[in-house]
Amino acid sequence: MFKSHRYGLITSLVGIIAVVVLLLAYRHLMWRGVIDQEIRSHATLTQVFSNTIWPRYAAFLIDASRFSRDELRRHEVIRKLRQDVSQYIARSSVVKIKIYDLAGITVFSTDPVQIGQDKSRNSGFTSAKTGVPMGKITFRDRFDTIEGVIVDRNLVSSYIPIRISGNAPVEAVIEMYSDVTDLIVELSKHQRGIIFWVVGTLSLLYVFLFFIVRQADKTIEKQDKERLEHKAKIHYQAHYDPLTGLHNRTSFGESLQEHVNRALIGGRMLGLLQLDLDHFRLVNDSLGQSVGDQVLRTCAKRMQSCMRESDMLFRTGSDQFAVIMEPIRNTEDAACLALRIIESMTAPIIVNNQDLMVTLSVGISIFPQDDSSAEMLVKNSDTALHLAKQEGRNQYRYYSAAMKQHALDQLDFETRLAQALQHNEFVLYYQPRVEAASGKIVAVEALLRWAHPERGLLPPNSFIPLLEQMGLINSVGEWVLRTACQQTREWHDAGLPVRVSVNISSGQFRVDSFVDMVRGALDQSGLYAEFLELELTESVLIDNIDNIIKIMEDLKEIGVSISIDDFGSGYSSLNYLKRLPLDYLKIDRTFVKDLATSEKDVAIIKTIAALAHSLGIKLVAEGVEEIHQLEFLRSQNCYEFQGFLFSPPVPSAAIPDMISERPVRHAV
Ligand code: C2E
Ligand code: MG
Ligand code: MG
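So the sequence shown is residues 45 to 712, counted in the numbering used here.
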């Protein structure tokens with residue numbers, strides 16, 4: 045990761061080093077300046093020396109090599125020269141003077157010990173001999189001067205040629221030493237001050253910068269971390285289902301395409317399974333979403349446990365799942381998995397100490413045999429799933445070409461159904477209900493039919509579940525209610541005071557405006573409320589019961605009667621029965637059907653009858669086809685009968701004749 049404070053640190057360090065180098069360069073230049081200054085001053089002194097003292101001693105000194113070292117040291121001329129030199133340098137910074145002949149021999153020195161020394165190889169001497177002065181600065185911890193020994197001094201020594209005038213030949217070389225200690229100390233002090241401030245300021249700036257940059261780094265690091273976490277979260281949300289932790293629909297689309305491509309390149313088979321829980325909406329609606337969620341989680345786990353590691357499971361919708369199997373050896377591989385998953389659901393799911401039975405249906409399509417595009421594989425498995433549902437659920441189906449036609453037909457059917465109301469294709473049939481006591485037709489049940497333009501008159505079971513799925517049941521149900529009320533009112537006007545019962549699906553009952561709708565239908569038709577009965581199935585009761593009771597009481601207030609239809613076939617919550625303001629219980633016709641052979645059905649009807657009587661609810665039997673059924677039901681104090689024994693559902697036009705033909709033969 046980019047660490048700006050590391051880079052800031054390095055950059056600042058480089059800056060500081062550059063400043064230190066500059067300071068050293070400055071120090072060097074300063075020293076050079078001191079040396080040059082001294083050389084210039086020594087040159088001036090030498091010039092004066094050359095013009096004043098030198099001419100008096102030149103002849104002796106130029107030729108001094110004829111003397112031995114000791115002779116020279118003790119020579120009167122040298123002693124005299126030392127006195128002159130002492131006076132000459134007395135008021136200058138020069139502390140020592142040496143003179144060399146052109147052979148490099150020290151012919152004079154303010155320190156006599158050095159007389160006779162050979163300096164011919166000294167670079168300063170050789171330079172001065174050619175006419176170019178040269179100097180340097182040195183530190184000496186002990187140094188002999190004309191006035192005695194000095195210690196710890198900075199000295200500038202320079203070699204200067206001695207000549208009478210600027211262009212005259214060099215006659216000898218003079219070396220002068222100046223004590224520049226005070227100047228150097230002063231300059232060093234000054235320089236130390238500069239270094240202290242510059243380095244101090246830079247260090248402070250550096251520390252300041254370091255903290256700022258480090259803080260900025262931390263912020264950037266934190267933001268980076270947050271950004272990465274956010275990105276991961278977004279990715280998770282986009283690709284996973286939070287409830288089950290499975291890959292979601294988006295992920296499904298992407299993965300399927302990838303797997304199809306892979307299977308295509310590798311020449312392998314791929315199986316696509318689409319799974320849908322049967323009647324899951326019922327679980328959700330009746331037991332609440334949190335129970336539904338637990339069921340989904342358990343189902344997902346069970347599915348997962350059936351799969352191979354290479355299979356991928358997705359949650360593609362609320363209760364829909366999909367599995368991509370890649371590779372598979374043959375179509376049976378896919379069916380085997382489907383079976384394993386279906387079987388894994390046979391054990392009840394326990395939620396809140398309640399056993400729930402869940403089943404599911406599976407549709408399978410195979411690559412490449414069914415199609416080679418991901419999109420078509422999904423469509424095909426969907427078609428197969430539809431068929432598995434239609435043919436009884438809790439099973440799997442392979443896609444086949446014939447299904448395609450079936451799916452197209454289904455689509456056509458749905459499209460026409462959606463327009464049936466507009467096209468006036470719905471018809472109401474009425475089935476008489478005969479009063480046990482009088483044998484008269486006291487009521488009729490309105491039963492919906494669809495006059496399909498091609499298939500003829502269709503029974504409600506073939507399209508009502510579809511209407512419910514398509515969300516059209518409310519508008520069609522309203523039409524049924526209004527038509528039935530209108531029709532009954534017409535019979536009343538014709539002197540036939542019959543009651544009408546209308547089937548209400550649970551979806552209709554849940555709509556807030558349901559009671560208003562009933563009131564509206566009565567008002568519009570002018571039918572008295574006591575001639576209207578609403579048939580509800582037990583599935584209505586699994587909603588919030590207090591709410592249901594409230595709606596029922598509102599309906600009772602209007603004056604309509606309420607019955608429970610197909611009683612005993614659904615989720616009978618006997619406990620609630622006593623709280624509901626019911627008028628009729630219609631025994632489910634499956635119990636009536638096998639009365640002759642099934643003792644259990646006899647027992648059930650007896651129980652239902654006892655229950656109804658004890659709760660003061662009138663019992664109605666439907667599906668009465670045989671005399672013996674009628675006799676038994678009569679013995680159970682049934683209040684009304686309905687069934688083919690009396691009449692099948694008939695068009696409205698047939699009803700007036702039937703009512704006036706009284707009493708009905710079998711009821712007598
Ligand atoms: P349901 O309310 O239980 O209606 C009685 C059904 O039993 C009718 O079938 C009727 O034809 C049939 N039936 C009557 N007597 C006999 C008999 O003796 N033997 C046999 N085997 N069957 C008999 P249908 O008309 O096919 O209606 C089926 C179901 O469709 C109805 O059952 C009802 O639940 C529903 N349904 C009908 N019309 C409507 C409607 O307008 N709205 C709603 N939501 N559902 C309706
Ligand atoms: Mg009914
Ligand atoms: Mg019924």
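Where is the CB? At the ideal position from N, CA and C, for every residue including glycine.
All values reported here derive from a predicted model rather than from experimental measurement.
Beta-carbon gap between residue i and residue j smaller than 7 Å
i: cysteine 350; j: arginine 384; result: yes
i: isoleucine 593; j: arginine 563; result: no
i: threonine 288; j: arginine 341; result: yes
i: phenylalanine 183; j: isoleucine 194; result: no
i: valine 542; j: valine 488; result: yes
i: isoleucine 606; j: aspartate 627; result: yes
i: alanine 418; j: glutamine 568; result: no
i: arginine 346; j: leucine 290; result: no
i: threonine 403; j: aspartate 322; result: yes
i: leucine 550; j: valine 524; result: Contrary to the premise, residue 550 reads as serine rather than leucine in this sequence. No; because the gap between Cβ atoms is not below 7 Å, this pair is not in contact.
i: methionine 389; j: serine 299; result: no
i: valine 92; j: phenylalanine 104; result: no
Residue i classed as buried or exposed, judged by whether at least 16 other C-beta atoms fall within 10 angstroms
i: glycine 168; result: buried
i: glycine 667; result: buried
i: phenylalanine 324; result: buried
i: asparagine 292; result: buried
i: isoleucine 133; result: buried
i: histidine 303; result: buried
i: serine 222; result: buried
i: glutamate 522; result: buried
i: aspartate 185; result: exposed
i: serine 405; result: buried
i: threonine 245; result: exposed
i: methionine 514; result: exposed
i: tryptophan 241; result: exposed
i: arginine 118; result: exposed
i: isoleucine 699; result: buried
i: glutamate 370; result: buried
i: arginine 441; result: buried
Beta-carbon proximity list for residue i, same chain, < 7 Å, skipping 5 on both sides
i: leucine 89; result: Ser136, Val138 and Met220
i: valine 712; result: For valine 712, the predicted model reports a pLDDT of 38, less than 50, meaning its position is unreliable and no value from the coordinates is stated.
i: threonine 55; result: none
i: alanine 528; result: Leu472, Ala490, Val544 and Val546
i: alanine 495; result: Glu469, Val471 and Leu501
i: proline 392; result: Asp399, Leu400 and Met401
i: arginine 71; result: Gln235
Same chain, Cβ closer than 8 Å to residue i, neighbours up to 5 away in sequence not counted
i: valine 224; result: Val78, Glu82, Ser137, Ile181, Asn198, Leu199 and Val200
i: proline 99; result: Ile208
i: leucine 689; result: Val668, Glu669, Glu670, Ile671, Gln673, Leu674 and His710
i: valine 214; result: Leu146, Ala172, Lys173, Thr174, Gly175, Pro205, Ile206 and Arg207
i: leucine 431; result: Gly407, Arg441, Met447 and His450
For residue i: DSSP bridge partner residues
i: phenylalanine 152; result: Ile143
i: glutamine 318; result: Ala366 and Gly407
i: threonine 581; result: Asp609
i: isoleucine 548; result: Leu580
i: lysine 630; result: Val664
i: threonine 390; result: According to DSSP, which records beta bridges pairwise, threonine 390 is partnered with nothing at all.
Beta-carbon contacts of residue i that lie in its chain and below 6 Å, excluding the five residues immediately before and after
i: serine 409; result: Leu316, Leu421, Asn424, Ser425 and Tyr443
i: lysine 142; result: Thr150, Ser153 and Glu219
i: aspartate 128; result: Ile97
i: isoleucine 548; result: Leu578 and Leu580
i: isoleucine 43; result: Since the first and last residues shown for the chain are 45 and 712, residue 43 lies out of range.
i: valine 335; result: Val395
i: isoleucine 589; result: Tyr620
i: arginine 50; result: none
Integer Cβ distance of residue i from residue j, believed to fall under 8 Å
i: tyrosine 101; j: leucine 125; result: 5 Å
i: alanine 573; j: leucine 580; result: With a Cβ gap of about 16 Å, alanine 573 and leucine 580 do not count as contacting.
i: valine 664; j: arginine 533; result: Valine 664 to arginine 533, Cβ: 23 Å. No contact.
i: histidine 283; j: threonine 294; result: 6 Å
i: alanine 366; j: glutamine 318; result: 5 Å
i: glutamate 643; j: phenylalanine 611; result: At roughly 20 Å, the Cβ-Cβ gap does not stay under 8 Å, so glutamate 643 and phenylalanine 611 are not in contact.
i: alanine 451; j: threonine 427; result: 4 Å
i: glutamate 458; j: leucine 492; result: Their Cβ separation, rounded to whole angstroms, is 17 Å, which puts glutamate 458 and leucine 492 out of contact at 8 Å.
i: glutamate 684; j: glutamate 479; result: 6 Å
i: glutamine 552; j: isoleucine 517; result: 6 Å
i: leucine 455; j: aspartate 320; result: Their Cβ separation, rounded to whole angstroms, is 18 Å, which puts leucine 455 and aspartate 320 out of contact at 8 Å.
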